[in-house]
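Letter by letter, the sequence shown follows residues 176 to 555 of this note's numbering.
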Amino acid sequence: MEAMIHVEKFLTEQQKKQTPAFHLSVDATNTKTILTIQALPQKSSGEITLQKFSDSEYAKKTTLTSSQSNQYALISAPRCKDAALAPLLCYFALRQARLWGCLHVLTEETLPAFFALSPVSTLPRFSSQKISSAIFHAYQQCDAAQRAFIQPYFIREVMETFQGWLNSFFHGSWFNAVASESITQTQYIATLFHAHQFVRYTTRLAARCVTLCDNRELRNHYLHHLKGEINHELIIESDLKALKADVAYLLNDDVPNAISSEFMVVQEAVTAYRQDPVLMLACPFAAEGMTANISHDFVDHLHAAIQSWGIAAPAESVSRFLTSHMKTDGGDDGHWINVIARIDQFVHTEKQLQAFLTIFHLATNGYSRGLNACIDDFAL
């Protein structure tokens, strides 16, 4: 994916600006992950071991289902001569568990007090804690140099989380229908109706964020984004008119259903109630990330499906919205990479990262469900 190449280039350039005080290495086997951190230049080091609970011998001793076991990770006590390294080791172990999708950490060892562990009644000798709590307190225990080392990993965790969602989304109903060239005209019209329900509000949401930004650079980002989104809903309307859909109904009377509303409700809540323009970045990050990473093969499959409906030149008449966003969202100067740069710039702390990831998950859940419903709810 070309867009991901631009992202990796951006991340590499950002990394070159850093003079790290520590070195992190990860040794992952089929069953365990060992994280080692070395302080520079003193050369003191430590390590910590992490394992998915579902891969452990203990999982067989419980009545947990597979999905329940996947919520837990096993963690060892940090092994280091310099106790000051312990919070940093714990942070990166917990970060890895979060990337696995785990919600809780388990241990039968003695961990630092900040974990505030609770005993597990169904597993004698084991204690547990929520990862969100443990990783927050690990971060709080880190000194300034350690937090500075952690911060560049925020955007990398965001990108890894995005990649995991995108891979899942690319195996969903909507993408499969396009890839197999089985998407029907009714399903495609439903897709454009659904997209119009949130695209029509993009400029107004961006304008709202402009009014919320005290930071000039973030305010200018939203101003630039706003200008780039003006009248994009007109492209959808043009595509729909070419398909002879009822555009007047769409504009004046169509009420989005619950699934179609999910993505919009997240944006409305973040801008109107939370009034947080940094958290709002999660929504264009998700939506533009999808279109930025659409391949040319995808477009070829879409056009082949449209041609099977008897439309000779789809690129010129009925697919302008999707294909135009490939150009504006992708590339090294596209909307998406600019959003990523702002996330990297303004997500400063673990608490902010947790809040951002929560909004991201809400946004991607709504975005995925909305598009997949355009296939699943129009099966005939």
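Ideal Cβ placement from N, Cα and C applies to all residues, glycine included.
- The alpha carbon of Thr386 has as its nearest neighbour, out of Arg375, Gln372, Leu401, the alpha carbon of Leu401.
- DSSP places Phe197 in the strand class (E or B) of the three-state scheme.
- In the assembly as shown, Ser229 is a buried residue. Its beta-carbon has 16 or more other beta-carbons within 10 Å.
- Under the three-state reduction of DSSP, Leu426 is assigned to helix.
- Distance from Phe496 to Ile411 at the Cβ level is roughly 5 Å; contact confirmed, criterion being Cβ atoms closer than 8 Å.
- Taking all protein chains in view, the Cβ of Arg379 is surrounded by fewer than 16 other Cβ atoms within 10 Å, so the residue is classified as exposed.
- Between Ile306 and Ala272, the C-beta spacing is below 8 Å.
- Note that the stretch 449-464 touches the stretch 535-548; at least 3 beta-carbon pairs, one per stretch, sit closer than 8 Å.
- Just measuring C-alpha positions, the residue of Ala248, Thr539, Gln316 sitting nearest Val440 is Thr539.
- With the rule of 3 Cβ pairs closer than 8 Å, the stretch 205-225 counts as touching the stretch 245-259.
- Per DSSP, reduced to three states, the secondary structure at Gly221 is strand.
- Burial state of Ala288 is exposed, judged by a 10 Å Cβ sphere holding fewer than 16 other Cβ atoms.
- Distances from the CA of Arg391 to each of Ser543, Asn432, Thr238, Gln520 were compared; the closest alpha carbon is that of Gln520.
- A contact is defined here as three or more CB-CB pairs under 8 Å, and the stretch 307-322 fails this definition with respect to the stretch 334-350.
- According to the DSSP assignment, His346 belongs to no beta strand (DSSP E), since it is labelled neither H nor E.
- Secondary structure within the stretch 525-554: not one fully enclosed beta strand (DSSP E) run of 3 or more consecutive residues is present.
- In this structure, the alpha-carbon of Ala444 lies about 14 Å from that of Tyr376.
- Runs of the alpha helix (DSSP H) lying entirely within the stretch 370-446 and spanning at least 4 residues, in chain order: 377-387, 391-404, 407-417, 422-427, 433-443.
- For the alpha helix (DSSP H) assignment, the uninterrupted runs of no fewer than 4 residues enclosed by the stretch 210-255 are, from N- to C-terminal side, 241-244.
- For Leu546, the closest alpha carbon among the candidates Lys236, Phe345, Phe301 is that of Phe345.
- Your pair Ala480 and Ser357 checks out as a contact, with CB atoms roughly 7 Å apart and the cut at 8 Å.
- Residue state for Ala323 is assigned as helix, using DSSP reduced to three classes.
- About 6 Å separates the CB atoms of Thr446 and Met455; that is less than 8 Å, so the two are in contact.
- Shortest Cα-Cα distance from Gln217 to any of Met179, Cys549, His523, Ala259 involves Ala259.
- Taking a 10 Å sphere around the C-beta of Ile310, we find 16 or more other C-beta atoms and assign the residue as buried.
- For His471, the uninterrupted alpha helix (DSSP H) run begins and ends at 471-482, by DSSP.
- Cβ neighbours of Ala530 within its own chain (closer than 7 Å, five residues either side excluded): Leu454.
- For the pair Phe290 and Ser303, the Cα-to-Cα distance works out to about 9 Å.
- Contact check for Ile550 and Trp349: beta-carbon distance about 5 Å, within the 8 Å limit, so the pair qualifies.
- Between Phe324 and Pro195, the CB-CB gap stays under 8 Å.
- Going by beta carbons, Ser200 and Thr211 fall inside the 8 Å limit.
- When secondary structure is reduced to three states using DSSP, Lys305 falls in the strand class.
- CA-CA distance, Asp429 to Gly509, rounds to 32 Å.
- DSSP places Asp202 in the strand class (E or B) of the three-state scheme.
- Rounded to whole angstroms, the separation of the alpha carbons of Arg331 and Val182 is 10 Å.
- Tyr363 is classed as buried because its beta carbon has at least 16 other beta carbons within 10 Å across all chains shown.
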